[in-house]
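Below is one structure, written out as structure tokens, with a few remarks after it.
In UniProt numbering, the protein residues as written are 1 to 93.
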């Protein structure tokens, strides 16, 4: 199911290009390299640079099931994937 959903989101360009998590060919290293490519020229030109990094603890565990379904519906997720997710029980620690 993950592969089908990822394929759909990738093929419809529904993911932001700046998203590096859970993307093929992207990882924390590619995110840092992209950030450095923007910072280095700015510093070289004497500009101020500010980086804000936020990690919200438990963010994934607090997503509401209905919000996920609505988001997938907004992105025209194939009905077979949407149906699979509609009647599932979510277990969180």
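Ideal Cβ placement from N, Cα and C applies to all residues, glycine included.
| Check | Outcome |
| --- | --- |
| Once DSSP output is grouped into helix, strand and coil, what is the label at residue 24? | coil |
| Suppose only complete runs of 4+ residues qualify. What are the alpha helix (DSSP H) ranges in the stretch 27-74, listed by chain order? | 28-44, 65-74 |
| Exposed or buried, which one is residue 27 when buried takes at least 16 other CB atoms within 10 Å? | exposed |
| Where does residue 4 sit, in a helix, a strand or coil, going by DSSP? | helix |
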